[in-house]
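Quick notes on the structure that follows.
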Amino acid sequence: MGKDQFSEFLSSVSEAPGFQKDAFINAHLTREPVVSIRFNPAKLTGNPEIKKSLPGIEERVSWSSHGYYLKERPLFTTDPLFHAGVYYVQEASSMFLEEALRQSADLSQPLKVLDLCAAPGGKSTLIQSVISPESLLVSNEVIKTRVNILTENLTKWGAANVVVTNNDAKDFKELPAFFDIIVVDAPCSGSGLFRKDPDAIEEWSPGNVTLCSQRQQRILADVFPALKQDGVLIYSTCSYSVEEDEAIADWLIADHGVESMKLELHADWNIVETISPQHKANGYRFYPDKLRGEGFFLSVFKKTGDAGTASAALKASRPEKLSRQEQSVVEEYLQHTSAYSLIKFKDDVLAFTSLVQEALPKLQSALYLKKAGVNMGN
């Protein structure tokens, strides 16, 4: 870890809410990074004992219904359960997204959700586990080289209500007022992960923080029209810098007229609740010296004002219906067949939930789709 750069970083965040320099330094020098996983509830059904098969499992992550800490980091790539999508290796602090979703939206309803910066898939698999089966999740990644791992992880997780896309944020302007919830885990300067990756400090600089802040504003401005009126925007980073956190919250309120949403916290979670300096937006900071997790920031907003109406679906290539014979073959391998729509797209047979099938023509018209529903074979 570069000593001069780390000192410059410490000076830059000295006024950040909840920051305590000595405790922060001690956490980075003397504590090992936390190892945590989150189980796939759909694959625990009928197999509750499967949790016990993972060695070194400890207590549950307080703000996650299926997140657990591990005593040490095993070699996950040798574990069949990992490859089967029984669990996902995810940093504990970022699992707080579940609590934000539960407190800001009625997850029992069929919702359209966008995870804008989704790779490698931690937040998308979490979202898929807490929304209703009738909902739609669009999991997007702009960087082509990262889309494959996102697709792979969501395929392992297994869900018929997920569509994977490879688009820039500005492309979602073609879907005005379409989504009920948009999650933006924005690209950032990455200071929250210095303990996990000490070499990352070499990439940090005040100039990079400024560039990241500008990019975050561009991303949010581009995707904002796709959020419905009264829709929920969840913004997060793994940065400690106020310029990327509370300052972005103030900018959202000033430029887009959003309303900050306050979350209820348990005192023993030791999450630092912050108030932005200009518009009093609520934010939530995670420090490794205060809890078992790495650096993280999250803020939740509600879209107010006139959001316009969703555009009519544009023409797109239509999938084909299966023949009776094809339908009967597929149904031999599919439980709860009434919950799915089976279609043939090119040479593949795909299983969708009804909301995915309804939204598919519009998504095809506006976006580059990498994956949709569950591929049943060909």
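Numbering follows this note's numbering, in which position 163 of the sequence shown is assigned residue number 226; successive positions increment by one, without gaps.
The C-beta atom is built at its ideal place from N, Cα and C for all residues, glycine as well.
Inclusion of Y151 and G109 in the CB contact set at 9 Å is not warranted, their separation being larger than that value.
DSSP places D318 inside the alpha helix (DSSP H), whose first and last residues are E309 to H319. For F242, the uninterrupted beta strand (DSSP E) run begins and ends at F242 to D248, by DSSP. Bounds of the beta strand (DSSP E) holding A414 are D411 to F415. Under the rule that a run must span 4 or more residues, the alpha helix (DSSP H) segments found entirely inside the segment 247-305 read 269-286. When secondary structure is reduced to three states using DSSP, I334 falls in the coil class, being assigned neither helix nor strand. Bounds of the beta strand (DSSP E) holding E322 are E322 to M324. Looking at the backbone, the Cα of M439 and that of D411 are separated by about 7 Å. Beta bridge pairing from DSSP links R123 with Y131. The Cβ atoms of R165 and P183 lie no closer than 9 Å to each other. In this structure L160 does not touch A168 by the C-beta definition: roughly 12 Å separates them, more than the 8 Å allowed. Going by beta carbons, D308 and A79 fall inside the 9 Å limit. Between G81 and T337, the C-beta spacing is below 9 Å. The beta carbon of S195 lies closer than 8 Å to those of L170, S171, Q172, P173 and L174 in the same chain, with the five residues before and after it left out.
L213 is positioned such that its CB atom lies no closer than 9 Å to that of Q191. The count of Cβ pairs closer than 8 Å, one atom from the segment 332-348 and one from the segment 299-318, reaches three, so the stretches are in contact. Going by DSSP, I100 is part of the beta strand (DSSP E) stretching over V98 to F102. Listed as beta-bridge partners of G440 by DSSP are V412. The distance from the Cβ of I245 to that of L179 is about 6 Å, consistent with a contact at the 8 Å cut-off. Sequence-distant partners of D234 (beyond 5 residues in either direction) whose C-beta falls short of 7 Å from its own C-beta, in its chain, are A429 and L430.
Counting along the chain, the unbroken alpha helix (DSSP H) around N216 starts and ends at K207 to W220. Approximately 5 Å separates the beta-carbon atoms of S302 and S252; this is inside 8 Å, confirming the contact. Sequence-distant partners of K343 (beyond 5 residues in either direction) whose C-beta falls short of 6 Å from its own C-beta are missing from its chain. Per DSSP, the unbroken alpha helix (DSSP H) holding D67 starts and ends at K66 to S75. Relative to R278, the option among V97, A105 and A232 whose CA is nearest is A232. A straight line joining the alpha-carbon of W267 with that of S77 spans about 16 Å.
The Cβ-Cβ distance between L432 and T228 falls below 9 Å. Selection F287, I297 and Y131 evaluated against A240 yields F287 as nearest (Cα-Cα).
One Cα belongs to E154, the other to L107, and the distance between them is close to 21 Å. According to the DSSP assignment, G185 belongs to the alpha helix (DSSP H) that extends over G185 to V193.
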